[in-house]
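Protein chains: 2
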Amino acid sequence: MSLINNPSGGALTTGRDGDVVHADSDLHGAVGRHLARHDYRYTAGRRRLVDTMADAGKPVTLPDIISASPDLSPSSVYRNLDVLERSGVVDRITTRGDHAFFEFAEPLLSHHHHLICIDCGIVKDFCLDDEVEKRVDRGLLEAAGEAGFTPLRHNVDLHGYCPDCK
Amino acid sequence: MSLINNPSGGALTTGRDGDVVHADSDLHGAVGRHLARHDYRYTAGRRRLVDTMADAGKPVTLPDIISASPDLSPSSVYRNLDVLERSGVVDRITTRGDHAFFEFAEPLLSHHHHLICIDCGIVKDFCLDDEVEKRVDRGLLEAAGEAGFTPLRHNVDLHGYCPDCK
DNA sequence: ACTATATTGAGAGTGAGTCTCATAAACAAT
DNA sequence: ATTGTTTATGAGACTCACTCTCAATATAGT
Ligand SMILES: [Mn+2]
Ligand SMILES: [Mn+2]
Ligand SMILES: [Zn+2]
Ligand SMILES: [Zn+2]
């Protein structure tokens with residue numbers, strides 16, 4: 001499975017902090033740096049969690065994680081997903097389904113968006129082309145400015161039926 | 167307060183079903199038609215709920231609704247929000263906060279998107295200009311096609327800090 | 001009015017996620 | 001290595017947004 005895997009092809013990315021991370025390379029190093037920056041330790045359990053998510057290669061829920069790695073403790077996984085999110089390693093995807101989804105955050109995974117099935121809840125990654133992305137950013141910046149919001153990130157997701165549920 | 171209130175100015179809209187609804191006019195008529203189409207009754211409680219949401223003029227949570235109309239029964243409000251959502255009257259906005267937000271759906275409220283405060287959870291409406299909106303739609307359609315998804319609607323939301331929380 | 005069906009509301013129930021706290025692991029010195 | 005200090009772990013209790021149940025009630029059709 002490939003991290004930093006741009007669904008539309010890119011495989012090399014430059015992080016906010018100047019880190020240049022390559023597909024499949026130094027994932028743990030990058031995660032460790034993020035954690036250290038927030039005074040967290042990169043423990044064995046957190047490594048297991050990161051490996052499990054990397055192996056999945058797609059957004060995962062807690063049941064996904066536990067069934068892939070049954071020896072992990074649910075309460076610790078929840079706690080660690082929170083820690084990883086606070087450290088900028090992981091993004092939480094809140095859908096209408098029972099469970100939240102988690103995936104690696106930028107710059108560990110390149111910028112992309114989500115197709116969400118309103119029936120089974122599956123989440124699939126996709127990319128908008130750079131031109132659209134730029135225009136969206138410009139529109140959002142303008143709207144944020146008018147409303148006095150300080151923008152951090154945006155979501156663009158499409159809700160519909162996946163091939164299995166159609 | 168104004169329904170069919172396009173944040174960027176429009177005040178007249180044509181619905182999917184050919185209904186032409188004007189600002190502040192015939193809200194109950196339109197809601198009743200949606201419910202009837204799904205074999206639901208437009209009861210007094212549902213009218214109260216619709217009025218409460220219309221009076222709010224912004225996305226509301228269950229506590230918002232109950233504190234504005236304390237005589238409404240929470241279990242019935244939840245059930246009726248579900249009915250209204252199934253009938254296409256209401257959209258549910260799922261955020262990371264404790265409570266879901268609800269607002270009128272298109273075409274009762276014109277197409278728009280959301281600024282979401284990651285601190286206090288407030289949800290504010292905004293519009294993208296039509297050119298950006300068209301390009302996003304085209305990009306989403308393409309991505310949906312490639313993934314075999316049947317597209318229904320899209321969300322574009324910006325997460326950041328509201329003026330009060332910055 | 002009468003029947004058939006849909007809705008209501010109070011409260012019980014569900015379950016994803018959080019909290020507690022006693023134990024264990026990680027780090028930083030000696 | 002040993003010790004001390006801080007942080008993380010995990011089992012289970014707990015929370016609470018939301019759903020379900022079911023007897024009572026409202027609505028629509030005739
Ligand atoms: Mn994704
Ligand atoms: Mn809105
Ligand atoms: Zn599906
Ligand atoms: Zn705020």
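Quick mapping for you: the protein sequence lines, in order, are chains A and B. Oh and the first sequence: position 81 is 81 in the numbering used here, straight run, nothing missing. With positions in the second sequence counted from 1, the corresponding number in the numbering used here is that position plus 166. Heads up, the beta-carbon is just placed ideally off N, CA and C, and yes, glycines get one too. All values reported here derive from a predicted model rather than from experimental measurement.
Short-range partners of chain B found in the segment 138-159 of chain A, where Cβ spacing is below 7 Å
Those residues of the segment 138-159 of chain A that come within reach of chain B (Cβ to Cβ, closer than 7 Å) are Gly-139, Leu-140, Ala-143, Ala-144, Ala-147, Gly-148, Phe-149, Thr-150, Pro-151, Leu-152, Arg-153, His-154, Asn-155, Val-156, Asp-157, Leu-158 and His-159.
Show which residues of chain B have a CB atom less than 8 Å away from the CB atom of A/Tyr-161.
What A/Tyr-161 touches in chain B: Phe-315, Thr-316 and Leu-318.
Under 8 Å by beta carbon: chain B residues contacting A/Arg-96
The CB of A/Arg-96 comes closer than 8 Å to the CB of Arg-258 and Thr-260 in chain B, given here in chain order.
Just confirm the distance between the C-beta atoms of B/Leu-201 and B/Arg-207, as a whole number of angstroms; I'd bet it's less than 8 Å.
By a beta-carbon distance limit of 8 Å, B/Leu-201 contacts B/Arg-207. Their separation comes to about 7 Å.
If you run the structure through DSSP and keep just helix, strand and coil, what is A/Val-89?
Assignment of A/Val-89 by DSSP, reduced to helix, strand and coil, places it in the coil class.
For A/Thr-43, count the other beta carbons within 10 Å of its own beta carbon; 16 or more makes it buried, fewer makes it exposed. Which is it?
Counting Cβ neighbours within 10 Å, A/Thr-43 comes out exposed, since fewer than 16 surround it.
Closer than 8 Å is the cut-off here; do at least three beta carbon pairs connect the segment 148-163 of chain A with the segment 301-320 of chain B?
The segment 148-163 of chain A, when compared against the segment 301-320 of chain B, does touch it at the 8 Å Cβ threshold.
How would you list, in chain order, the residues of chain B whose beta-carbon sits under 7 Å from the beta-carbon of A/Phe-126?
Contacts between A/Phe-126 and chain B, judged by CB atoms closer than 7 Å, involve Ala-309 and Ala-313 in chain order.
Three-state secondary structure (DSSP) of B/Ile-282
Strand.
Would the segment 288-302 of chain B count as touching the segment 127-138 of chain A if we require 3 or more Cβ pairs under 8 Å?
Because the criterion of three Cβ pairs below 8 Å is met, the segment 288-302 of chain B and the segment 127-138 of chain A touch.
So what does B/Lys-290 bridge to, in DSSP terms?
For B/Lys-290, DSSP records a beta bridge to B/Leu-281.
Distance cut-off 6 Å: A/Ile-122 Cβ against heavy atoms of ligand 3:
Flag set: Cβ of A/Ile-122 near ligand 3.
May I ask which residues mark the beginning and end of the beta strand (DSSP E) holding B/Gly-326?
Unbroken beta strand (DSSP E) run through B/Gly-326: 316-327.
Chain-ordered chain B contacts of A/Arg-135 [CB-CB under 7 Å]
Here the neighbours are Val-298 and Arg-301.
Does the beta carbon of A/Cys-117 fall short of 6 Å from some heavy atom of ligand 3?
Look at A/Cys-117: its beta carbon is less than 6 Å from one of the heavy atoms in ligand 3.
If you reduce the DSSP assignment to three classes, tell me which class A/Glu-103 lands in.
Looking at A/Glu-103 - three-state DSSP - the assignment turns out to be strand.
Going by C-alpha distance, which of B/Asn-246, B/His-277, B/Val-255 and B/Val-226 is nearest B/Asp-264?
For B/Asp-264, the closest alpha carbon among the candidates B/Asn-246, B/His-277, B/Val-255 and B/Val-226 is that of B/Val-226.
Partners in chain B for A/Ile-118, counting only beta-carbon separations shorter than 8 Å
Identification of chain B residues near A/Ile-118 by a Cβ-Cβ cut-off of 8 Å yields Leu-318, ordered along the chain.
In chain B, which residues lie less than 9 Å from A/Leu-115 when you measure between Cβ atoms?
Annotation: Cβ neighbours of A/Leu-115 in chain B (cutoff 9 Å, chain order): Leu-306, Ala-309, Ala-310, Ala-313, Phe-315 and Pro-317.
From which residue to which residue does the alpha helix (DSSP H) around A/Ser-67 run?
A/Ser-67 -> alpha helix (DSSP H) spans 62-68.
Nearest chain A C-beta to B/Lys-224 closer than 7 Å, yes or no?
No Cβ of chain A is located within less than 7 Å of the beta carbon of B/Lys-224.
Are the beta-carbon atoms belonging to B/Phe-267 and B/Ile-259 less than 7 Å from one another?
In this structure, B/Phe-267 sits near B/Ile-259, with a CB-CB distance shorter than 7 Å.
Suppose you measure from the CA of A/Arg-37 to the CA of A/Ser-87; what does that come to, to the nearest Å?
Going from the Cα of A/Arg-37 to the Cα of A/Ser-87 covers about 8 Å.
Considering only C-alpha positions, which residue in the set A/Pro-63, A/Val-89, A/Ser-110 and A/Asn-155 is nearest to A/Arg-47?
Taking only the C-alpha atoms, the option nearest A/Arg-47 is A/Val-89.
If the cut-off is 8 Å on Cβ atoms, which residues from the segment 203-228 of chain B count as contacting chain A, listed in chain order?
Here the close residues number zero.
Output the distance between the C-alpha atoms of A/Leu-81 and B/Gly-195, rounded to the nearest integer angstrom.
Roughly 47 Å separates the two Cα atoms.
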